[in-house]
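A.B. asks:
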Amino acid sequence: MDQLSLFDNKDIFRVSDSKHSGLKDWELDCSEYLFDNTEEPKNDETSQDSKKLFDNPRDFTEKAVSEYQPGGKAGGDNKYYRFSYKENGRTRHIHIKGGNITNPLAIKHKSLVEAWIRENVSLEKIIEWIKEW
1 MDQLSLFDNK
11 DIFRVSDSKH
21 SGLKDWELDC
31 SEYLFDNTEE
41 PKNDETSQDS
51 KKLFDNPRDF
61 TEKAVSEYQP
71 GGKAGGDNKY
81 YRFSYKENGR
91 TRHIHIKGGN
101 ITNPLAIKHK
111 SLVEAWIREN
121 VSLEKIIEWI
131 KEW
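Take the sequence shown: its letter number 17 is residue 17 in our numbering, and every next letter is one higher.
This is the structure we're talking about:
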């Protein structure tokens, strides 16, 4: 007896040839940033990408994407990612949602923010997109 398949129409599974098809407005194709095939070991404390991102004269702080640990009763042992920027001479911080630094979603969001900075996306757009998460 032959096995019944619900997916006989193979045309459904064709992927569009367009490089950016299916991406939302706030998503960039940053697969080359997320899946680095180099053999160099990565520094766990600070990604190498974060160090070289900020040579452009924009309103980013020296270390725009960084780890932080909440103080007070909410402290605990967990660290989280945040985006830092300058506004009217003051440094502002926005939490990058997705959980602590070991969570794959938080790591993906951090990588997206770093990719947006590399792509010279405006500061206002980056803040808007982070708040949409």
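We treat Cβ as the ideally placed atom computed from N, Cα and C, and that holds for glycine. What you are looking at is a predicted structure, and each value in this text was computed from that prediction instead of being measured.
#1: When DSSP labels each residue in this structure, what does Ser66 get in the three-state scheme?
#2: Roughly how far, in whole angstroms, is the beta-carbon of Tyr81 from the beta-carbon of Ile96, given that I think they are within contact range, below 8 Å?
#3: What does His95 pair with, by DSSP beta-bridge criteria?
#4: If you follow the alpha helix (DSSP H) that Glu119 is in, where does it begin and where does it stop?
#5: Any idea which residues DSSP pairs Glu87 with across the strands?
C.D. replies: So, from the data block:
#1: Strand at Ser66.
#2: About 4 Å separates the beta carbon of Tyr81 from that of Ile96, a gap short enough to meet the 8 Å contact definition.
#3: Arg82, per the DSSP bridge assignment.
#4: No alpha helix (DSSP H) contains Glu119, which DSSP labels as neither H nor E.
#5: Beta-bridge pairing links Glu87 to Arg90.
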